[in-house]
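> Here the sequence shown stands for residues -24 to -1, 1 to 761, where the numbers follow mature numbering (1 follows the signal peptide of the UniProt record, and there is no 0).
Don't be surprised by glycine CBs; every beta carbon is placed ideally from N, CA and C.
My structure is below; once you've seen it, I'll send some questions.
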Amino acid sequence: MKKNSYSLLTILVVGALYGNAAQADLRQQCLLGVPHFQGEPVRGNPNELPVYIEADRGEMQHATEATYQGDVDIRQGNRHLRSQHAKITTQSSGEQLERLAYMDGELAYRDEQIDLSGSNAKINLNSKDSDIETVDYRFVGRQGRGTAEQAEMRERYRTLRNASFTSCLPDDNAWSIEADEIRQDIQEEVAEMWGARFKVLGVPILYSPYWQLPLGDRRRSGLLMPQFSSSSRDGFSYAQPVYWNIAPNYDATITPNLMTDRGLQLQTEFRYLTDFGLGTIATEYLHKDRLKEYLGENKSRHLFFWRHSAGFGDSWRANLDYTRVSDNRYFNDFSSEYGNSTDGYATQRFSVGYYQPNYNLTVSGRQFQIFDETDIGPYRALPQIDFNYYRNGMANGWLDFALYSQAVRFDNDSAQMPKAWRFHLQPEVNLPLSNDYGSLNLQAKLYATHYQQSKGKGVDAEEVEARVNRVLPQFKADLQTVLFNEKTFLDGYSQTIEPHVQYLYRPYKNQSNIGAAGVNSDYLGLGYDSALLQQDYFSLFRDRRYSGLDRIASANQVTVGGTTRFFDEKADERFNFSLGQIYYLTSSRIDDSTDNSTSGRSSSWVMESDWKINQAWQWRGGYQYDTVLNKTALVNMVLEYNPSGNNLVQLNYRYASQNYIDQNLQNGANRYNQDIKQIGATVAWDINDNWAVIGRYYHDMALNKPVEQYGGVQYNTCCWSVGVGARRYLTSPSANSDYSSNNVFYDNSFSINFEIRGLGSNYSSGLRSMLQKGMLPYVKPFSLE
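Okay, structure coming up:
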């Protein structure tokens, strides 16, 4: 299997790099096969325009009737009618004269919307109302054609009897719809059909007494294209989306998803846009999951998602982001647009804020649903009140002042854990100094925090101090400069060298009395909301080692770093390289435990680089070297070839040592118990106007197992498309299993999607949507554009 996987990946990469580089526009090709309006559109009411008639012979019977013979050509504005015989009558209709044209035999009619041929017509030259027999019609400027035994064309509606319709170009009969009656609403861009038969290659495959088909980009209620798939876990799946256009600012999609091995899942999505904001509410529900590998007690599986954002008044903002699932394994067992198994948690938060130029006030709350198995989860913060004040240019323009304050209540579902209120006040004063050579920012800051803690109600709950005060001053000096060199060793390139030096001082205070210090949990070893920050180049210059405010480590350190950049003759940045390290004058610590203090006299060397090789090739890399262990701690590299549009080839590599993982997981929690070594590749390519392919392969070298394999093919024509995808990914049958054990297996799935095209303006190859699927969706990692 491994050999075959690499062979498939090689074929995809080689085929992409040496495929057809000339990418024509499928939309342009499709529109070449439809009639186009010639000339300039006539402004004003065409019914009030004069009528011009040319013919080989004409005869006026009396003042209200005339007959024309031979190459009769009738024009009125954009309307153009040709026939061999025509009779024009004029009769009174109220205060206006009504002009009617009668044609016997074959005729041809064209305006800015339709091009048709037929026979035996009656046309009102005042209103454009027409009755024509034996019609063969084509839309002008867009796809759509068909036939009818009889057509009644009015200003808004066109009614066709015993008619057919297809968006395929002439000589292409891939699909068509035949109906007893078709009525087209020109204003609403929709066709209603009665007694409709859907045919593929002339073979009837579906009958419906009523059908509604959109003819433009406007939203219409009705059935969307179904989705078919097959999976070793789900069995055969059939999902039928039903779209409901409730109002111009409301719509909903309801999708019953039948899985033969698991049951019927109902998926809904409701979107809205109101004066109170815009948002999406989605649900997924499976009453009783028949999956044998799922060991949970509750066989009902469900998801609820709500995202809302609003602005009201001149200064108020509100946001809501809420996702909750029935169990920890939901995103492992179901593919959903609203979460991923690699996220590790679901977010539930809201905020309401008042914003002014110099201050803002926000009331919020947040909690997380953790997918890992743990007896004690993270704290929820409810309510949380934040107030910020800013004022620049104080003291005759020398000083900038900022104040951050917060009051927050922390609670936990576990009776073993304490509860707390935290009140925090953080004023700071900045003295920014700058000239043509660089800048120096001197900052003084104070962290003043008060805790009111109460012991948990559990039998084994740990004792905590009822009141804790912590006051920590901080001083920081940050020096930056930019040295510019117009001429470098590379012809045509200029270079900047940007040294960056920072000194940070903050005294030590033991903070083990904040929270339950003795609890053994992956999420609670660092107080109520703190976590060790991962390190990159820019994090070297952060004030704090930990997120949150419960753990503020001492600091007496100098950070030295710098960036160099190369620019081409057009001033486009083509290459940058950053290097930095922290030198600890004294160890940074938060308590008396050596596990929570820095070891050694310096941090890891951190290096990052971006390289825009040319317009198509880009490279990005990061590297960390642990100076204490004298070994590599972290490596990540991405090489991407992206010549144009959707086409891309991305190769990536990721390495993280076990020591690095242990340092960044609280209490030494390590899911893998070994180094992480992963390689991956993604290929997405429009081979030509019709064919598009995608392939993805990720392999964990430490586990010696493929993590995910995905291959997809999309075939597009002017009037239909089909996408086929196959996926194989590593999973575990239960939540207690980890990937490093043998208790894992692969889920194999196959999917197929059909789409009718030519009814709107979407001619995309579908690559972007396929790139977002899977455990590790495509991410563009580059900062150089």
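In chain order, what residues of the same chain lie with their CB nearer than 8 Å to the CB of Asp568, ignoring the 5 residues before and after it?
Locating residue 568 in the sequence shown gives position 592, where the first residue counts as 1. The answer, listed in chain order, is Asn486 and Ser488.
> Which residues in the same chain have their Cβ closer than 6 Å to the Cβ of Asp112, if we skip the five residues on either side of it in sequence?
In the sequence shown, the residue the question calls residue 112 occupies position 136. Same-chain partners within the cutoff: Ser93 and Thr123.
> Excluding the 5 residues flanking Arg58 on each side, which residues of the same chain have their C-beta closer than 6 Å to its C-beta?
On the sequence shown, residue 58 is found 82 positions in, with the first residue counted as 1. Excluding residues within five positions, the ones whose Cβ falls inside 6 Å are Asp49 and Ala84.
> How many angstroms separate the CA atom of Thr244 from the CA atom of Val440?
Sequence index remark: in the sequence shown, residue 244 carries index 268 (1-based). Sequence index remark: in the sequence shown, residue 440 carries index 464 (1-based). One C-alpha to the other measures close to 46 Å.
> Going by C-alpha distance, which of Ser207, Ile158 and Phe553 is nearest Pro185?
As a working note, residue 185 is residue 209 in the sequence shown. Closest by alpha carbon: Ile158.
> Three or more C-beta pairs under 8 Å: does that hold for the segment 450 to 462 against the segment 342 to 361?
The segment 450 to 462 vs the segment 342 to 361: no contact.
> By alpha-carbon positions, which one of Glu125, Ala139, Ile90 and Tyr705 ends up nearest to Val116?
Along the sequence shown, read from residue 1 onward, the residue named residue 116 stands at position 140. With distances taken between Cα atoms, Val116 lies closest to Ile90.
> Could you tell me which whole beta strand (DSSP E) segments of length 3 or greater appear in the segment 349 to 373?
You should have 356 to 369.
> Closer than 8 Å is the cut-off here; do at least three beta carbon pairs connect the segment 161 to 180 with the segment 675 to 691?
The segment 161 to 180 is not in contact with the segment 675 to 691.
> Roughly how many angstroms separate the alpha carbons of Gly598 and Gln203, rounded to a whole number?
Within the sequence shown, the letter at position 622 stands for residue 598. Within the sequence shown, the letter at position 227 stands for residue 203. The straight-line gap from Cα to Cα measures roughly 40 Å.
> List the residues that DSSP assigns as beta-bridge partners of Ser585.
Here the question's residue 585 lines up with position 609 in the sequence shown. According to DSSP, which records beta bridges pairwise, Ser585 is partnered with Phe553 and Gly597.
> Taking Cβ to Cβ, would you say Leu422 is nearer than 8 Å to Pro408?
For this step, residue 422 is matched to residue 446 along the sequence shown. For this step, residue 408 is matched to residue 432 along the sequence shown. Going by C-beta atoms, Leu422 is not nearer than 8 Å to Pro408.
> Would you kindly work out how many angstroms separate the C-alpha atoms of Ile99 and Arg134, rounded to a whole number?
In the sequence shown, counting from the first residue as 1, residue 99 sits at position 123. In the sequence shown, counting from the first residue as 1, residue 134 sits at position 158. Their Cα atoms are separated by approximately 13 Å.
> By the three-class DSSP mapping on this structure, what secondary structure does Ser152 have?
Position 176 of the sequence shown, counting from 1, holds the residue named residue 152. DSSP places Ser152 in strand when its eight states are reduced to three.
> Could you tell me the alpha carbon to alpha carbon distance between Cys695 and Leu8, rounded to whole angstroms?
Start at 1 with the first residue of the sequence shown, and residue 695 comes out as number 719. Start at 1 with the first residue of the sequence shown, and residue 8 comes out as number 32. Taking the straight line joining both Cα atoms gives about 14 Å.
> Considering Cα atoms alone, identify which of Arg209, Asn295, Tyr427 and Gly289 is closest to Lys268.
Mapped onto the sequence shown, residue 268 falls at position 292. Comparing Cα positions, the closest option is Arg209.
> Less than 8 Å separating the beta-carbons of Val534 and Leu561?
The residue given as residue 534 occupies position 558 in the sequence shown. The residue given as residue 561 occupies position 585 in the sequence shown. Against a cut-off of 8 Å, the Cβ pair of Leu561 and Val534 comes out as a contact.
> Should Ile222 be labelled buried (16 or more other beta-carbon atoms within 10 Å of its own) or exposed?
Within the sequence shown, residue 222 is the residue found at index 246, counting from 1. It counts as exposed.
> Does Gly644 come out as helix, strand or coil in the three-state DSSP assignment?
On the sequence shown, residue 644 is found 668 positions in, with the first residue counted as 1. Interpretation of Gly644 is limited by its pLDDT of 38, a score under 50 that renders its predicted location unreliable; the figure taken from the coordinates is listed afterwards. Here Gly644 sits in helix by DSSP.
> Helix, strand or coil for Asp638, going by three-state DSSP, please let me know.
As a position in the sequence shown, residue 638 is number 662, starting the count at 1. It is helical.
> Taking 8 Å as the threshold, find out whether the segment 508 to 519 comes into contact with the segment 541 to 551 through three or more Cβ pairs.
Counting Cβ pairs under 8 Å, fewer than three are found: no touch.
> I'd like the list of long-range same chain contacts for Gly468, defined as Cβ closer than 6 Å, with 5 residues on each side in sequence excluded.
Locating residue 468 in the sequence shown gives position 492, where the first residue counts as 1. Once the five neighbours on either side are set aside, the close Cβ partners of Gly468 are Glu545.
> Measuring alpha carbon to alpha carbon, tell me which residue in Asp436, Val218, Thr608 and Met613 is nearest Trp587.
By 1-based counting over the sequence shown, the position of residue 587 is 611. Nearest C-alpha to Trp587: Met613.
> Spatial neighbours of Ala258 within its chain, please: CB distance less than 7 Å, with the 5 preceding and 5 following residues excluded, ordered by chain position.
Residue numbering aside, residue 258 sits at position 282 when the sequence shown is read from its first letter. Only Thr244, Glu245, Phe281 and Tyr314 meet the Cβ criterion.
> Expressed to the nearest angstrom, what Euclidean distance is found between the alpha-carbon atoms of Asn411 and Asn417?
Translated into the one-based positions of the sequence shown, residue 411 becomes position 435. Translated into the one-based positions of the sequence shown, residue 417 becomes position 441. Near 12 Å, if we compare the C-alpha coordinates of Asn417 and Asn411.
> How is Arg3 classed by DSSP in three states: helix, strand or coil?
By one-based count along the sequence shown, residue 3 stands at place 27. Arg3: helix per DSSP, three-state reduction.
> For Gly34, which residues from the same chain have a beta carbon less than 8 Å from its beta carbon, with the 5 sequence-adjacent residues on both sides left out?
What you label residue 34 is simply residue 58 of the sequence shown in a count that begins at 1. Only Ala42, Thr43, Tyr44 and Gln45 meet the Cβ criterion.
> According to DSSP, is Tyr306 helix, strand or coil?
Along the sequence shown, read from residue 1 onward, the residue named residue 306 stands at position 330. It is helical.
> For the pair the segment 474 to 482 and the segment 429 to 438, tell me if three or more CB-CB distances fall below 8 Å.
Because the criterion of three Cβ pairs below 8 Å is not met, the segment 474 to 482 and the segment 429 to 438 do not touch.
> Thinking just about the alpha-carbon of each residue, which of Asp107, Arg55, Gln72 and Gly120 is nearest to the one in Glu88?
As a position in the sequence shown, residue 88 is number 112, starting the count at 1. Considering only alpha carbons, the answer is Arg55.
> Per the DSSP calculation, residue 810 is bridged to which residue(s)?
In the structure displayed, the chain extends from -24 to 761; residue 810 sits before or after that span and is not available.
> Tell me the residue span of the beta strand (DSSP E) that contains Leu177.
The sequence position of residue 177 within the sequence shown is 201, counting from 1. Per DSSP, Leu177 belongs to no beta strand (DSSP E) and is neither H nor E.
> DSSP three-state call for Asn738: helix, strand or coil?
Translated into positions along the sequence shown, residue 738 becomes position 762. In this structure, Asn738 counts as coil in the three-state DSSP scheme.
> With a Cβ-Cβ cutoff of 8 Å, do Phe363 and Gly341 count as a contact?
Along the sequence shown, one-based indexing puts residue 363 at 387. Along the sequence shown, one-based indexing puts residue 341 at 365. It is not a contact, given that the beta carbons lie outside the stated cut-off.
> Per DSSP, what kind of secondary structure is Leu743 in: helix, strand or coil?
Position 767 of the sequence shown, counted from the start, is the residue given in the question as residue 743. Leu743 falls in the helix class under three-state DSSP.
> How about Gly656 and Asn618: are their beta carbons less than 8 Å apart?
The count along the sequence shown starts at 1 and reaches residue 656 at position 680. The count along the sequence shown starts at 1 and reaches residue 618 at position 642. Cβ distance not < 8 Å, so Gly656 and Asn618 don't count as in contact.
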